[in-house]
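*Asks:* In the working numbering, the protein residues as written are 149 to 447.
Shown next, in the form of structure tokens:
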């Protein structure tokens, strides 16, 4: 296992860090004048999640998209980019080569409803104050000239990046919805997702239990998730798999067996867990752990 979390470094092009559940890329121009989605950005053939991109421009300006739909970003601005939109980045001013930090976020890691995320996408926001400023300083620190990020700290920094991103996106969503709060259904869905995150280890976590805890019918619960373009069970499974994947590569948990890790996050059946993990990530849990250099503590 390499000691650094940097997985690609091509001077004048892009540098990438693997940070547990997320990935960060630094794009440098003009050597990279147009960036098409890399293979890692696309959903896996097995149905893996698409990645939302949260972009901070530190030097610029920069444009995203093409033609009349292009979005201009000036230095100091943040923007969320929709996974279903082409990621075409280019310098907006040849005399001022841009530099941008891109945080790649799986939708299941964001507690905000899908409709709320769609509502704030492609809306540049200044990073001068509030949660935007905190997120921007954090990303700039990660991309700065400090010592390389080591694997034991990478996953923790990734979780911190997700929390800061959610805080920032929540504040933007509240302003974008006609200067008012999120719609009632979207706010309820956000509460339900937070409840699921807090109870992932409960093997009895089911649509019935979730609906009962929120005093709604199971039918209405499914209706909320259909608006979010996913299923209740699919969301629970994604979140459990993400927690398991993070724990499997945590050096502090190297002595824990895979059985203990999967059970902690609600997977009671080893075969079900192995199939779900391989379908999501294209590799078995044991192979994934060995690939990352963490000793397997048991089945």
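Beta carbons: idealized from backbone N, C-alpha and C, even for Gly.
Would you mind giving the Cβ-Cβ distance between residue 401 and residue 433, rounded to the nearest angstrom? I have them listed as a contact below 8 Å.
*Replies:* For the purposes of this step, residue 401 is taken as residue 253 along the chain shown, with counting starting at 1. For the purposes of this step, residue 433 is taken as residue 285 along the chain shown, with counting starting at 1. That pair is no contact at about 13 Å.
*Asks:* Whole angstroms is fine: what's the gap from residue 243's alpha carbon to residue 284's?
*Replies:* Counted from its first residue, the chain shown places residue 243 at position 95. Counted from its first residue, the chain shown places residue 284 at position 136. Using only the alpha carbons, I get a separation of about 24 Å.
*Asks:* Hey, could you find the ends of the alpha helix (DSSP H) residue 409 is sitting in?
*Replies:* For the purposes of this step, residue 409 is taken as the residue at position 261 of the chain shown. From DSSP, the alpha helix (DSSP H) with residue 409 extends over 406-412.
*Asks:* Distance, Cα to Cα, residue 208 vs residue 171?
*Replies:* In the chain shown, the residue the question calls residue 208 occupies position 60. In the chain shown, the residue the question calls residue 171 occupies position 23. Straight-line Cα distance between these residues: approximately 22 Å.
*Asks:* Considering only residues of the stretch 236-287, which uninterrupted alpha helix (DSSP H) runs meet the minimum length of 4 residues and lie entirely inside it, listed in chain order?
*Replies:* As far as the stretch 236-287 is concerned, its whole alpha helix (DSSP H) runs of at least 4 residues are 262-268.
*Asks:* Give the straight-line distance between the Cα atoms of residue 164 and residue 289, rounded to the nearest whole angstrom.
*Replies:* Residue mapping note: residue 164 aligns to position 16 of the chain shown, counting from 1. Residue mapping note: residue 289 aligns to position 141 of the chain shown, counting from 1. Looking at the two C-alpha atoms, the distance is approximately 14 Å.
*Asks:* Shortest alpha-carbon distance to residue 378 belongs to which of 258, 262 and 226?
*Replies:* Indexing the chain shown from 1 puts residue 378 at position 230. Here the closest residue by C-alpha is 262.
*Asks:* By how many angstroms is the C-alpha of residue 270 removed from the C-alpha of residue 231?
*Replies:* Stepping through the chain shown from its first residue, residue 231 is reached at position 83. Stepping through the chain shown from its first residue, residue 270 is reached at position 122. Computed Cα separation, rounded: 11 Å.
*Asks:* Please report the Cβ distance between residue 175 and residue 227, rounded to the nearest whole angstrom; I am assuming they are in contact, meaning their Cβ atoms lie under 8 Å.
*Replies:* Start at 1 with the first residue of the chain shown, and residue 175 comes out as number 27. Start at 1 with the first residue of the chain shown, and residue 227 comes out as number 79. At roughly 14 Å, the Cβ-Cβ gap does not stay under 8 Å, so residue 175 and residue 227 are not in contact.
*Asks:* Taking a contact to mean a Cβ-Cβ separation below 9 Å, would you say residue 213 touches residue 234 in this structure?
*Replies:* On the chain shown, residue 213 is found 65 positions in, with the first residue counted as 1. On the chain shown, residue 234 is found 86 positions in, with the first residue counted as 1. In contact: residue 213 and residue 234 (Cβ atoms closer than 9 Å).
*Asks:* According to DSSP, what are the bridge partners of residue 228?
*Replies:* Counting from 1 along the chain shown, the entry for residue 228 is found at position 80. Partner(s): 202.
*Asks:* Determine the direct distance from the alpha carbon of residue 351 to that of residue 359, and round the result to whole angstroms.
*Replies:* Position 211 of the chain shown, counted from the start, is the residue given in the question as residue 359. Position 203 of the chain shown, counted from the start, is the residue given in the question as residue 351. Distance between the alpha carbons of residue 359 and residue 351 is about 16 Å.
*Asks:* What did DSSP end up calling residue 353 once you bin it into helix, strand or coil?
*Replies:* Reading the chain shown from its first residue, position 205 is the one you call residue 353. DSSP places residue 353 in coil when its eight states are reduced to three.
*Asks:* Whether or not the stretch 403-415 and the stretch 380-391 are in contact is what I'm after, with contact meaning three or more pairs of Cβ atoms, one per stretch, closer than 8 Å; do they touch?
*Replies:* The answer is yes - the stretch 403-415 touches the stretch 380-391, with three or more Cβ pairs under 8 Å.
*Asks:* How many Å lie between residue 329 and residue 222 at the Cα?
*Replies:* By one-based count along the chain shown, residue 329 stands at place 181. By one-based count along the chain shown, residue 222 stands at place 74. For residue 329, the predicted structure reports a pLDDT of 42, less than 50, and the residue's modelled location is therefore unreliable. A value from the coordinates is still provided. Cα-Cα distance, rounded: 27 Å.
*Asks:* Would you kindly report the start and end of the unbroken beta strand (DSSP E) that includes residue 220?
*Replies:* Counted from its first residue, the chain shown places residue 220 at position 72. Residue 220 -> beta strand (DSSP E) spans 219-221.
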